Amino acid sequence: MKNSLIKLTLFLCIYCVSALPVVAGQLLLTHGTLLDPSDQSITKQHLLLDETGIIARLDSIPANFTGQQLDINGKFVIPGLIDMHTHAFGNRGPNAQSEIMGPGTTAQVVLHAGVTGFVDLFGNEDQLFEHRRLQQQGLIAGADIYTSLSCLTAPGGHCSQFGKTRTIKSEDEARQQIAELAAKQADVIKLVSTIGGSLPSLSPALLKTSVDEAKKRGIKTIVHIHTLADIDSAIAAGADAITHLPDDAAITAELAQRLAAHKVVVIPTLACDTDEYEFMFSDVLQSALAKQLADPRIIQGYQKAASDMTPEQKQQAKQRTEKYYLSMKHLVAADVLLLSGTDAGNYGTLQGFTVHREMEKFVASGLTTWQALASATSDARLFLGKPAGLQAGAEASLVILDSSPIEDIRNSQKISAVIHQGKVIH
Ligand SMILES: [Zn+2]
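Residue numbers for the sequence shown follow the working numbering, beginning at 305 and rising by one.
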């Protein structure tokens, strides 16, 4: 009897799966156009999902479906955006008081921009650890928090000017620090190289020991770079990714080809480097999404900064912008994999909003709209070891847009709804 009951249950379960039945908590998005950056496909299908992920893509609506249905006819579905480099303490800008939010509030705010996950690359380690723990236990809501927890830098090196961080001055210390971060399940390891800069830098040898140790533990490394020499050091160390573009000179075509050959991913934070000027002298902050996300005092602060800027400063800003775009031109030509990170928390950025600006600037640098979209969605997920795209098994964190970002990447800002882990957020 017991055996036959088990068999009957098994039979029913198999039957259930094939008939796509009625399960509480399921959501069916009907009649939308699915834009999947992982295979660059455009498909009109219904999408069935729940909190565990995308369950199936369907050609017809199951007759017996009684879960929640959302008709999104005429709208476009993309995977939720991921910011690959942020500092989730809040926003700051010139002539304005900083908007202090912390990881918990930032995680809720950025969902409004369609950002369903972010990688915090240094803040208050204890606070980040605790917020991520509470979130993973379902005790606080908001975009998925991934984090390096801390920064690994030379004593007195970059990051230490912003607060408590971890420092390394010997190979033993490098191994020890990475072991501690691994024990706290750091999602990535952030290392700082600033050779030739005004602050002490990790040496190429210590960078390599650190990268080797992280690799041994299966954790990816992201190296903050400041100069061309740092990029050489990161390539020699075997780093998985570098972040920022060099300040001393543009990345050459040859260096870009070496980055590509070593499969080093680049998170350039181009908007952070170039938007401070555009926030002052264009109508970027007047967009509906920016106004929704930014404290009005911060927008006013940029307006005041614009009136204070001298012609020489404007000229310098223009030259810096040209240098960064030249780096981008060579990276794009060499087919280096670019990921979208904002470095939000700095001037020239807004939490959430700047992911859209980064994609826009990637397109201005020569990426296709598909590639720019992948930089903030499917490629970011793959870097984090998550399933990419809009296939069954992928995470059910999605953005529903009024217009197609493949036609114009700026349409990523026309957000109709955001779904995070199977639940409609707004
Ligand atoms: Zn940063």
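Don't be surprised by glycine CBs; every beta carbon is placed ideally from N, CA and C. All values derive from a computational prediction rather than experimental measurement.
Pick helix, strand or coil for residue i, following the three-state DSSP scheme.
| i | result |
| --- | --- |
| I535 | helix |
| R470 | strand |
| S345 | strand |
| T573 | coil |
| D354 | strand |
| Y581 | helix |
| G406 | helix |
| R361 | strand |
| A609 | helix |
| L511 | helix |
| I482 | helix |
| V659 | helix |
| V588 | helix |
| P383 | strand |
| H730 | coil |
| N715 | helix |
| I546 | strand |
| L642 | strand |
| I704 | strand |
| H391 | coil |
Starting from residue i and walking both ways along the alpha helix (DSSP H), at which residues does that stretch end?
| i | result |
| --- | --- |
| V636 | P615 to A637 |
| L438 | E429 to Q440 |
| L563 | A557 to A565 |
Would you say the beta carbon of residue i is closer than 7 Å to some non-hydrogen atom of ligand 1?
| i | result |
| --- | --- |
| L425 | yes |
| D579 | no |
| D343 | no |
| H391 | yes |
| D647 | yes |
Whole angstroms is fine: what's the gap from residue i's alpha carbon to residue j's?
| i | j | result |
| --- | --- | --- |
| T531 | A553 | 7 Å |
| K567 | A543 | 9 Å |
| I571 | G726 | 28 Å |
| Q373 | L353 | 11 Å |
| A540 | K473 | 19 Å |
| T653 | I376 | 31 Å |
| L503 | T457 | 10 Å |
| L316 | P691 | Reliability of the predicted coordinates at L316 is poor, the pLDDT of 33 falling under 50, and the value obtained from them is presented with this limitation in mind. In a straight line, the C-alpha of L316 is about 29 Å away from that of P691. |
| L635 | D551 | 15 Å |
| I719 | A400 | 28 Å |
| L702 | A538 | 34 Å |
| K468 | N428 | 7 Å |
| A610 | I482 | 43 Å |
| K524 | A518 | 7 Å |
| A445 | R601 | 27 Å |
| E475 | A509 | 8 Å |
| L559 | H724 | 39 Å |
| L443 | E434 | 11 Å |
| G421 | D387 | 7 Å |
| S586 | Q607 | 10 Å |
| P407 | V423 | 11 Å |
I'd like the list of long-range same chain contacts for residue i, defined as Cβ closer than 7 Å, with 5 residues on each side in sequence excluded.
| i | result |
| --- | --- |
| P325 | Low confidence applies here, because P325 scores a pLDDT of 46, under 50, leaving its location unreliable and the question unanswered by this model. |
| Q717 | S591, L593 and H660 |
| D463 | For the sequence presented, residue 463 should be read as Cys rather than Asp. Hits under 7 Å: F426, C455, T457, T469 and V496. |
| D706 | K379, K718 and S720 |
| E664 | I713 and R714 |
| T673 | V667, P709, I710 and I713 |
| I404 | F393 and G394 |
For the beta strand (DSSP E) that contains residue i, what are its first and last residues?
| i | result |
| --- | --- |
| F422 | V419 to D424 |
| S720 | I719 to H724 |
| H528 | K524 to H528 |
| T451 | D448 to T451 |
| L339 | T337 to D340 |
| D683 | That residue, D683, is in no beta strand (DSSP E); its alpha helix (DSSP H) goes S682 to F687. |
| T673 | Looking at the DSSP string, T673 is not in any beta strand (DSSP E); the run it does join, the alpha helix (DSSP H), is T673 to S679. |
| L331 | L331 to T334 |
| D375 | Q372 to D375 |
| K494 | V492 to V496 |
By Cβ distance below 6 Å, which residues in the same chain neighbour residue i in space, the five residues on each side in sequence not counted?
| i | result |
| --- | --- |
| I526 | V492, K494, A545 and T547 |
| A490 | S452 and L453 |
| G336 | I376, K379 and V381 |
| L563 | V640 |
| I729 | L415 and V722 |
Using a Cβ-Cβ cut-off of 8 Å (strictly less than) and excluding sequence neighbours within five positions of residue i, which residues of its own chain qualify?
| i | result |
| --- | --- |
| V588 | D579, E582, A594 and R661 |
| L671 | V636, L642 and S679 |
Please indicate yes or no: does the CB of residue i lie closer than 7 Å to some heavy atom of ligand 2?
| i | result |
| --- | --- |
| F422 | For the structure depicted, ligand 2 is absent and the ligand set comprises only ligand 1. |
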